[in-house]
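Protein chains in written order, with the working numbering: chain A, 150 to 350; chain B, 150 to 350.
Even glycine gets a Cβ: it sits at the ideal position worked out from N, Cα and C.
Bear in mind the structure is a predicted one, so any value in this text is a computation, not a measurement.
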DNA sequence: TATATCATGTAATCGGTTACATGATTAA
DNA sequence: TTAATCATGTAACCGATTACATGATATA
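Set out below in structure tokens:
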């Protein structure tokens with residue numbers, strides 16, 4: 150990927166603005182954590198940077214809302230130019246695919262672990278992923294309706310097709326659930342193998 | 150993860166040195182691409198940096214081999230201190246788990262794609278992952294024996310347990326294959342959904 | 001009454017990516 | 001003979017993470 154003006158995370162944030170309408174960085178982060186997190190994690194500071202970047206590009210407009218005893222809210226709205234950019238992004242093939250999983254590394258180099266250590270870490274990973282699976286199942290990633298689910302004043306979302314159900318969020322939810330199920334199966338198998346090794350029948 | 154002296158990729162490279170014995174950065178990169186790539190990708194420049202970092206930490210030693218008409222080979226060997234570090238890493242729970250997948254983002258925001266664009270990109274992704282699956286199956290991640298598979302002069306690997314089969318590489322290979330199968334299933338389903346939508350019966 | 005969490009951001013740092021070098025072989 | 005690929009690295013840049021701020025409200 151040669152240097153370009155925007156990156157997957159940029160379009161992720163842009164997509165959220167397109168879908169849910171005007172939001173502050175803080176709002177974006179909240180929505181983000183319930184929708185994009187499983188496929189592209191980001192710290193809130195990163196989201197703020199993307200918003201600034203998109204403002205430079207003219208993809209969003211910013212309006213400052215003054216508040217007492219709190220930093221001003223900077224509310225961002227997608228522009229026509231932003232919509233075009235989102236559209237164009239969808240016409241290009243996906244470039245980035247990465248898995249970064251420290252647990253897999255520890256399994257790979259299991260030979261260098263003291264007896265018991267690997268099993269212990271596997272159990273921690275299992276607990277973590279069981280939790281993820283549960284949360285994906287419960288919320289099904291919030292399967293949201295456009296323009297809804299924004300706190301504070303409900304300003305109109307000009308890009309929203311009112312009350313149209315979106316099928317894609319459901320598909321992503323299924324992916325997240327399928328992934329966690331597969332991963333957990335694997336983790337349990339590895340754990341069994343490691344435990345059997347420690348205490349052979 | 151607060152700032153520490155080393156990161157998952159550091160231990161990844163360290164593990165490779167522990168497993169296969171002394172190597173140059175170039176060698177590490179080659180081994181890396183066939184073993185760690187599915188769980189933690191890295192550019193070669195990153196690997197060189199990790200080697201330099203570990204040298205600072207005293208985890209590896211470097212020996213320069215002069216060559217004509219090519220940059221000198223810098224051959225790195227794990228030290229006792231390095232072995233200890235690897236051991237200690239294995240006693241800590243895994244901290245990083247991340248998926249960064251642009252295709253998932255494009256599916257999530259499928260509403261904003263022009264007709265046909267999403268299907269096209271899905272087909273590209275399918276081709277890509279079919280290829281990955283094939284390569285994982287064929288090589289089974291090389292399921293290697295310690296101390297072997299190094300090009301050039303075969304110097305003795307002091308950390309190798311001669312000809313002992315390692316079971317962990319096989320487990321990781323299975324993970325990679327399971328993942329790709331699950332992912333491909335999902336991609337095909339999404340593609341079907343998108344195609345049906347374009348041309349309803 | 002201390003400690004989270006809410007709410008809202010900026011700044012510094014660093015892992016990771018892209019770009020830059022350079023000459024020898026091998027392949028189209 | 002032109003272009004990949006092999007072989008081996010360094011340097012610059014930037015996405016992403018960690019740290020820094022700050023005051024209100026809710027919770028233990």
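query: Under 8 Å between C-beta atoms, does residue 234 of chain B make it to chain A?
result: no
- prompt: Nearest to residue 202 of chain A by alpha carbon, out of A:337, A:189, A:252, A:156?
  reply: A:156
Classification of residue 152 of chain A by the beta-carbon crowding that lies within 10 angstroms, buried from 16 upward: exposed
query: Got a sec? Which residues, its chain only, sit under 7 Å from residue 204 of chain B by beta carbon, not counting five neighbours each side?
result: 211
message: Suppose the cutoff is 7 Å on Cβ atoms and the five residues either side in sequence are ignored; what does the same chain contact list for residue 223 of chain B look like?
response: 173, 174, 211, 213
- request: Let me know if residue 300 of chain A comes out buried or exposed under the rule of 16 or more other beta-carbons within 10 Å of its beta-carbon.
  value: With a pLDDT of only 36 at residue 300 of chain A, under the threshold of 50, the placement of this residue in the model should not be trusted, and no figure is reported.
query: Name the DSSP bridge partner or partners of residue 173 of chain A?
result: A:224
- prompt: Smallest Cα separation from residue 237 of chain A: which of A:348, A:215, A:164?
  reply: A:164
- request: Leaving out five residues on either side along the sequence, give the residues of the same chain with a beta carbon under 7 Å from the beta carbon of residue 235 of chain B.
  value: 160, 163, 164, 167
message: Closest to residue 197 of chain A by C-alpha separation, out of A:178, A:344, A:206, would be which residue?
response: A:178
message: Within 8 Å, do at least three Cβ pairs link the stretch 330-340 of chain A to the stretch 315-333 of chain B?
response: yes
Minimum Cβ-Cβ distance from residue 312 of chain B to chain A less than 8 Å: With a pLDDT of 39 at residue 312 of chain B, under the threshold of 50, the modelled position of that residue is not reliable, and the figure given next carries that caveat. It does not: the Cβ of residue 312 of chain B has no partner Cβ on chain A nearer than 8 Å.
- prompt: How should residue 250 of chain B be labelled, buried or exposed, when 16 other C-beta atoms within 10 angstroms of its C-beta is the threshold for buried?
  reply: buried
- prompt: Can a CB atom of chain B be found closer than 8 Å to the CB of residue 349 of chain A?
  reply: no
Beta bridge counterpart(s) of residue 212 of chain A as assigned by DSSP: A:224
message: Quick check on residue 309 of chain B - is its C-beta less than 8 Å from some C-beta in chain A?
response: Summary for residue 309 of chain B: the model assigns pLDDT 40, below 50, so the residue's position carries little reliability, and this model does not support an answer.
message: For a quick check, are the C-beta atoms of residue 186 of chain A and residue 255 of chain B less than 8 Å apart?
response: no
message: Strictly under 8 Å for the Cβ-Cβ distance: is residue 364 of chain A near chain B by that measure?
response: No information on residue 364 of chain A is available, as it lies outside the stretch 150 to 350 that chain A covers here.
- prompt: How many whole angstroms separate the CB atoms of residue 344 of chain A and residue 285 of chain A, which I take to be in contact at a CB cut-off of 8 Å?
  reply: At roughly 27 Å, the Cβ-Cβ gap does not stay under 8 Å, so residue 344 of chain A and residue 285 of chain A are not in contact.
field: Extent of the continuous beta strand (DSSP E) run through residue 281 of chain A
entry: No beta strand (DSSP E) holds residue 281 of chain A; the alpha helix (DSSP H) holding it covers 266-288.
- request: Could you please tell me which residues of the stretch 165-188 of chain B, in chain order, have their CB closer than 8 Å to any CB of chain A?
  value: 167, 168, 184, 185, 187, 188
- prompt: Is residue 226 of chain B near residue 171 of chain B, with beta carbons less than 8 Å apart?
  reply: yes
query: Can you name, in chain order, every residue of its own chain whose Cβ lies under 7 Å from the Cβ of residue 342 of chain B, other than the five neighbours on each side?
result: none
field: Cβ of residue 252 of chain B within 8 Å of any chain A Cβ
entry: yes
query: What residue from B:193, B:245, B:228 has the CA that sits closest to residue 270 of chain A's CA?
result: B:245
- prompt: Going along the chain, which residues of its own chain have a beta-carbon closer than 7 Å to the beta-carbon of residue 279 of chain B, five neighbours each way excluded?
  reply: 333
query: Under 8 Å between the Cβ atoms of residue 181 of chain A and residue 191 of chain A?
result: yes
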